[in-house]
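There are 2 protein chains.
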Amino acid sequence: MASVLRTSGRRAFNRVPLTRAFATTRPTGSETPFFPNEPSGPSLKTSIPGPKNQAACAELNKVFDIRSLNIMADYEASVGNYLTDLDGNTLLDVYAQIASIPVGYNNPNLKKAAQSPEMISSLINRPALGNFPSSTWGDILKTGTLKVAPKGMNQVFMALSGSDANETAYKAAFMWYRQQQRGGPDVDFTPEELESTMTNVAPGSPQLSIMSFKSAFHGRLFGSLSTTRSKPIHKLDIPAFDWPQAPFPQLKYPLDQFASENAAEEQRCLAEAERLIKEWHNPVAAIVIEPIQSEGGDNHASPAFFQGLRDITKRNGVLMIVDEVQTGVGATGKFWAHEHWNLTTPPDMVTFSKKAQTAGYYFGNNALRPNLPYRQFNTWMGDPARAIIYRGIIDEIERLNLVEHTAATGDYLYAGLERLAQKYPGEFQNLRGKGQGTFIAWDSPQRDAVLAKAKTVGVNIGGCGASAVRLRPMLVFQKKHADILLESLEKIVKS
Amino acid sequence: MASVLRTSGRRAFNRVPLTRAFATTRPTGSETPFFPNEPSGPSLKTSIPGPKNQAACAELNKVFDIRSLNIMADYEASVGNYLTDLDGNTLLDVYAQIASIPVGYNNPNLKKAAQSPEMISSLINRPALGNFPSSTWGDILKTGTLKVAPKGMNQVFMALSGSDANETAYKAAFMWYRQQQRGGPDVDFTPEELESTMTNVAPGSPQLSIMSFKSAFHGRLFGSLSTTRSKPIHKLDIPAFDWPQAPFPQLKYPLDQFASENAAEEQRCLAEAERLIKEWHNPVAAIVIEPIQSEGGDNHASPAFFQGLRDITKRNGVLMIVDEVQTGVGATGKFWAHEHWNLTTPPDMVTFSKKAQTAGYYFGNNALRPNLPYRQFNTWMGDPARAIIYRGIIDEIERLNLVEHTAATGDYLYAGLERLAQKYPGEFQNLRGKGQGTFIAWDSPQRDAVLAKAKTVGVNIGGCGASAVRLRPMLVFQKKHADILLESLEKIVKS
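Residue numbers (our numbering), protein chains in the order written: chain A, 75 to 569; chain B, 75 to 569.
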């Protein structure tokens, strides 16, 4: 393992001696590397941001808001799990572009997909898919997006972002709900509906709602933002719909020590969720929930909680939308995080984006298809170029068995973090994500300092919520990368 | 001109003799073709939809809603202004994917852009631009998107669709409006604002509004749909914000015969717009308006009307957002349609999409930049792949001088349509779009039949509103194509 941290470069690493715990549990020598040309470890050549980075930022600032800029990247130089910046600093990237890069930078098979004649045509002849699809569109869906449809689902409505995916799912839910009320797909709209909707009032524009959960994040457009409850900065000054918010369980860790308390907390939240569905003044057409609340702080709940929610939605005649924008596409050790729940019936809709590099919502029930054409429609109806990339990602996931791989790597990483948490309990609080692949987080009393410090030891990490460090490595993250990460984390907390 | 309609194929055309009016005004022999390999005219091999098309539709229907399907396209076989379908039928395309293809199918220079290393990296290493932009992102903006920024604007916020562009512009407007009320960018949010916004109520989530105009179309997500007033089918069953709708002038044609009536109509609409801004119970932060209402029926208003609106927004302290999603990028004979107005001050924001193949809003006033980072933010913040295509489109527009070209071709086409309208006044009612490039429409008493019939003579045309035929040819549409279109239209109305 001596080679995992390269010592070349102006700002060289000092190798940190391995802790005994790490040293005894590292079987990484047997792993086949996914990227033969990947660096053997991080290497820093300058402080971050370095001089080239700073100069480029000053230039970019003239045309683009750089106040949220983290790293000015050199993507051509980045490989696999390693992100290289403009000064040639190479960081192990366990944030992966806000949890959205699945199979590594400059993945050679994605490159082939990007160079295919089909891709080029999709880029230069962008179709209005609802009106003028290419004859290849069905195949792109069948061999890609739909191949990984969640169990019980065989249809998809494509979108361009997570917000877009959620909002189109909400629209489908509202149409479905009113159709039920109206008495089925063949009942005509009333003249009053046709007239009133043009001035945004009921009955044509009904005052229905989508219920979300405290600390949830579902996007930032007007409908999705009305269900987002993560941070004020996301919502301030923007008009919102009068929609209800149920409590999300606040579990105590370690889970096995607080089993009965946590079960009671989940029951409390379920009861309040059902009360809101029954009583909210704007009737609830659907609930939307993340399997793990991500932006909100990596908040987990048990399969029993989600099964409870499913039961509540069923007995109250509302839909259950599972927002897998951040959890989907393998990171939790299942292709879809909700597979962990073993629900008795599938969710009604599952939304996706990020690692899929495209977006949309899956569904299985034909009643969720609007009863008339052009009700759910827009100019592009997705982007075939991005759908082709998603297909390439799915191919890579299958070829390398990346979902199972991530489950195993996640277990390995989690075990290492548990050891760190035992050693530095103050620095690794509420460690969570056991058995959830690499979708792991903990609370840190000095979270922002930890994230900043991580760069100085060659790791790019993200945060979420008020105090969480969230790990979002790619699916090609291997045990050798976990070792480097664990070692770096120990270095940070010791300093 | 004998060769413009090819007669090969199963379902051959009969050449229609030229009308005298056409024959005397055709200088098309002198035009340099933009696409040397473009067909000389439409050719039909089967009825439409042909057998291959039908079989492919049945197959696609298993995975995709085909109820709005118009043509199953073979993009590889399509060239320039000609769209080829799966049965080998080649149609002159004056609809261009819902007005969104600017420089022709399989444009060779766009193909080069699609094959560039920069494109491939953008496709396979999709960045979260707000956090981890590539060092090339500033250049992509400067040499592309920002190069064509409307006069008075030097900044852009990128988006993924027209709806997304409009909604992010609305968000910027709300933040700006509240900041004015609050007393500037340095005034902190109150604890009450921070708390109330998490439950979607005022003051944190204020009940402000965006005013739009009757028959407007601004998109289909929740905020944009609340400003869309085109057709009930777009809005039914979807909750909407309680936002006001001003009347849009209903002009009478020909304009020169109804000058004083039309001026009075515009004054009436302006007065009502100002009254609504002053009196609407949810204060108006901004108005949004299309230069030509497109989906709503190609409704025009005069430059004086738009100047009047600008004056109203200025004196009432609200913003003016011009939605150029359909009118932008050259089709009206100016790069931006609002250039036709010669406003005394630029609009506050201009949104774009469609022919740009990407989307966003332009602005010039720094006060429209949110006072804090992460207020206007999302994972991807646009798509560099599509921004590279936009740059390629801009290069083609410059190289071929396509804006001036479209102005000239539009005048030529309009003159031909005027002659048709004189000859068949019942079939070409309210001809409009004079001096607006190829952005031309008229009302037809049998609109849907005309659109269907057009395919049988080898032309793909779109409609809008209740009875309008709208022409949305590409910017590479030339006089020779106009001749074919005019000839085809006469054939249709004569039949």
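Positions of the beta carbon are idealized from the N, C-alpha and C atoms, including for glycine.
Residue i classed as buried or exposed, judged by whether at least 16 other C-beta atoms fall within 10 angstroms
{"i": "A:GLU241", "result": "buried"}
{"i": "A:ASN504", "result": "buried"}
{"i": "A:GLN496", "result": "exposed"}
{"i": "B:PRO420", "result": "buried"}
{"i": "A:GLU139", "result": "Rather than Glu, the amino acid found at residue 139 of chain A in this sequence is Asp. A:ASP139 comes out buried."}
{"i": "B:PRO182", "result": "exposed"}
{"i": "B:ASN336", "result": "buried"}
{"i": "B:GLU398", "result": "buried"}
{"i": "B:ASN144", "result": "buried"}
{"i": "A:VAL261", "result": "exposed"}
{"i": "A:THR106", "result": "exposed"}
{"i": "A:GLU266", "result": "exposed"}
{"i": "B:THR217", "result": "exposed"}
{"i": "B:HIS555", "result": "buried"}
Any chain A beta carbon closer than 8 Å to residue i
{"i": "B:GLY204", "result": "yes"}
{"i": "B:ASP262", "result": "no"}
{"i": "B:ALA461", "result": "no"}
{"i": "B:LYS216", "result": "yes"}
{"i": "B:ILE312", "result": "yes"}
{"i": "B:SER121", "result": "no"}
{"i": "B:PHE315", "result": "yes"}
{"i": "B:ASP372", "result": "no"}
{"i": "B:HIS555", "result": "no"}
{"i": "B:ARG303", "result": "yes"}
{"i": "B:ASP148", "result": "yes"}
{"i": "B:GLY258", "result": "no"}
{"i": "B:TRP454", "result": "yes"}
Listed by chain order, chain E residues near residue i by CB distance under 8 Å
{"i": "A:GLY212", "result": "Although the question refers to chain E, the structure presented lacks it and instead comprises the protein chains A and B."}
is_contact[residue i, chain B] using C-beta, thresh 8 Å
{"i": "A:ARG449", "result": "yes"}
{"i": "A:LEU549", "result": "no"}
{"i": "A:ARG521", "result": "no"}
{"i": "A:ILE361", "result": "no"}
{"i": "A:SER541", "result": "no"}
{"i": "A:ASP161", "result": "no"}
{"i": "A:LEU563", "result": "no"}
{"i": "A:TYR156", "result": "no"}
{"i": "A:THR425", "result": "no"}
{"i": "A:MET394", "result": "no"}
{"i": "A:MET249", "result": "yes"}
{"i": "A:PRO101", "result": "Only weak support is given to the placement of A:PRO101: the predicted model assigns it a pLDDT of 47, under 50, and the value that follows is read from those uncertain coordinates. Chain B, which has no Cβ nearer than 8 Å to the Cβ of A:PRO101, makes this no."}
{"i": "A:MET272", "result": "yes"}
{"i": "A:LYS527", "result": "no"}
Through-space distance from residue j to residue i, alpha-carbon basis
{"i": "A:ASN127", "j": "A:SER152", "result": "15 Å"}
{"i": "A:LEU545", "j": "A:ILE514", "result": "5 Å"}
{"i": "B:SER196", "j": "B:LEU203", "result": "11 Å"}
{"i": "A:SER283", "j": "A:TRP354", "result": "9 Å"}
{"i": "A:ALA360", "j": "A:PHE291", "result": "16 Å"}
{"i": "B:THR219", "j": "B:ARG465", "result": "6 Å"}
{"i": "A:PRO113", "j": "A:GLY537", "result": "25 Å"}
{"i": "A:TRP211", "j": "B:LEU165", "result": "20 Å"}
{"i": "B:ARG449", "j": "B:PHE437", "result": "17 Å"}
{"i": "B:GLN520", "j": "B:SER541", "result": "8 Å"}
{"i": "A:THR158", "j": "A:LYS508", "result": "30 Å"}
{"i": "B:GLY500", "j": "B:ALA411", "result": "29 Å"}
{"i": "A:LEU487", "j": "B:PHE451", "result": "31 Å"}
Distance between beta carbons of residue j and residue i, contact taken as under 8 Å
{"i": "A:MET272", "j": "B:PRO306", "result": "6 Å"}
{"i": "A:LEU525", "j": "A:ILE535", "result": "6 Å"}
{"i": "A:ALA147", "j": "B:PRO201", "result": "7 Å"}
{"i": "B:PRO259", "j": "B:ASN445", "result": "4 Å"}
Check: residue i C-beta below 7 Å from any heavy atom of the ligand NAD
{"i": "A:GLY154", "result": "Judged by which ligands are present, the structure shown has none, so any question about the ligand NAD falls away."}
Jot down the residue ranges of each uninterrupted alpha helix (DSSP H) in the segment 431-515 of chain B, minimum 4 residues, whole runs only, in chain order.
Correct list: 458-473, 476-497.
Entirely within the segment 314-392 of chain A and at least 4 residues each: give me those alpha helix (DSSP H) ranges in chain order.
Annotation note: the segment 314-392 of chain A contains the following uninterrupted alpha helix (DSSP H) runs of length 4 or greater, listed N- to C-terminal: 333-353, 377-390.
Only counting runs of 3 or more residues, tell me where the beta strand (DSSP E) segments fall wholly within the segment 105-132 of chain A, in order along the chain.
Listed in chain order, there is nothing to give.
Whole runs of the beta strand (DSSP E) within the segment 164-225 of chain B, excluding any shorter than 3 residues:
Fully enclosed beta strand (DSSP E) runs of 3 or longer: 164-167.
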